[in-house]
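Residue numbers (our numbering), protein chains in the order written: chain W, 40 to 164; chain P, 40 to 164.
Protein chains: 2
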Amino acid sequence: MTKFKPTDSELEILHILWEKGASSVRDINDLLNTRRDVGYTTTLKLMQIMNEKGLVKRDTAARTHIYKAVVRENETKNNLISDFVNVAFQGSAMNLVMQALGNTSSSVEELSELKSLIAKLENKS
Amino acid sequence: MTKFKPTDSELEILHILWEKGASSVRDINDLLNTRRDVGYTTTLKLMQIMNEKGLVKRDTAARTHIYKAVVRENETKNNLISDFVNVAFQGSAMNLVMQALGNTSSSVEELSELKSLIAKLENKS
DNA sequence: TACTATGTACGAAATTATTCGTAGTTTTAA
DNA sequence: TTAAAACTACGAATAATTTCGTACATAGTA
């Protein structure tokens, strides 16, 4: 299995592609600009680099190229978590989970969702 | 409150300082070299930069300077989590928690520890 | 048609992070 | 006492990321 390691900017674009599906550079740039100023050619360059890296694929049939994510959301996030856990929590994912949970205010609904995930995990073992 | 954003290398050093307490560059470099090759002056430079940034403080009374972490482990990790959640999980810490948990194999002990944390959180609300 | 908007390609500047060599000083030990 | 070892300071090379300008082609429109 290959290792995906998108940069922060790349990840920002991947989130858009995961949510919106295949998109043009214009679409993506417009969405990015609802949050912060980004030049069109900046976004374009990023997409080209992501294409080279194999993070996205593009359809160049029409003049306006259409990009879609190649890497899957879950897989990518799992890789990111695993790197993050290694760098910041010395390998202990549970450590991260506990700290993230303790640091956040959670709703009753979220907590009960979490509890049922735990129940599932307990049944697996 | 100031925002700490240690880089990966800086974090690696902070972990050592948090665990071992105040240390010389030599101490730290030796520990780093149990994992990978790092030149002594590379580590030295890093420590000097961390000092400038205010991540560490040093005692220069003796020829061999002694460095200690200024930023606290919990606070730093919370900042890291919060950044990570923003970049990779679009702000939802619970999302991160669920995915990290689902992606990891957890022991019965860990899960019950987690459950008691959840119980605590439930009582708070 | 001819002007404007929209698109791609690409080079390169700016920034940040990492790495290390060299110079020069002090300490240690043969 | 002198040679080797250990230490700091610092400049600079390298690499990765982000940003954008410029050139040029195509499409739409007045």
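Every residue, glycine too, gets a C-beta built ideally from N, C-alpha and C.
From this set, the options, which residue's C-alpha is nearest residue i's C-alpha?
{"i": "residue 101/P", "options": "62/P, 149/P, 155/P", "result": "62/P"}
{"i": "residue 82/P", "options": "112/P, 111/P, 47/P", "result": "47/P"}
{"i": "residue 110/P", "options": "143/P, 93/P, 158/P, 160/P", "result": "93/P"}
{"i": "residue 84/W", "options": "152/W, 119/W, 52/W", "result": "52/W"}
{"i": "residue 86/P", "options": "120/P, 154/P, 163/P, 45/P", "result": "45/P"}
{"i": "residue 163/W", "options": "141/P, 160/P, 64/P", "result": "141/P"}
{"i": "residue 159/P", "options": "126/W, 64/W, 154/W, 160/W", "result": "154/W"}
Return the bridge partner residues of residue i from the DSSP annotation.
{"i": "residue 98/W", "result": "105/W"}
{"i": "residue 62/P", "result": "106/P"}
When the Cα atoms are used, what is the spatial distance from residue i to residue j?
{"i": "residue 122/P", "j": "residue 69/P", "result": "30 Å"}
{"i": "residue 58/P", "j": "residue 129/W", "result": "12 Å"}
{"i": "residue 146/W", "j": "residue 78/P", "result": "48 Å"}
{"i": "residue 157/P", "j": "residue 150/W", "result": "7 Å"}
{"i": "residue 75/P", "j": "residue 99/W", "result": "44 Å"}
{"i": "residue 104/W", "j": "residue 144/P", "result": "42 Å"}
{"i": "residue 135/W", "j": "residue 80/W", "result": "37 Å"}
{"i": "residue 71/W", "j": "residue 139/W", "result": "27 Å"}
{"i": "residue 120/W", "j": "residue 113/W", "result": "10 Å"}
{"i": "residue 161/P", "j": "residue 126/P", "result": "28 Å"}
{"i": "residue 64/P", "j": "residue 73/P", "result": "14 Å"}
{"i": "residue 97/W", "j": "residue 148/W", "result": "40 Å"}
{"i": "residue 137/W", "j": "residue 91/W", "result": "38 Å"}
{"i": "residue 152/P", "j": "residue 152/W", "result": "17 Å"}
{"i": "residue 182/P", "j": "residue 54/W", "result": "The requested residue 182/P does not occur in the structure, where chain P is confined to residues 40 to 164."}
Give me, in chain order, the residues of the same chain whose beta-carbon lies closer than 6 Å to that of residue i; leave out the 5 immediate sequence neighbours on both sides.
{"i": "residue 89/W", "result": "49, 95"}
{"i": "residue 132/W", "result": "124"}
{"i": "residue 115/W", "result": "43"}
Between residue i and the ligand ATP, is there a pair consisting of the residue's CB and a ligand heavy atom that are separated by less than 7 Å?
{"i": "residue 123/W", "result": "By its list of ligands, the structure shown contains no ligand whatsoever, and the ligand ATP lies outside what it can speak to."}
Kindly list the residues whose CB is nearer than 8 Å to the CB of residue i, restricted to its own chain and excluding five residues on each side of it in sequence; keep chain order.
{"i": "residue 56/P", "result": "62, 67, 95, 106, 107, 108"}
{"i": "residue 60/W", "result": "107"}
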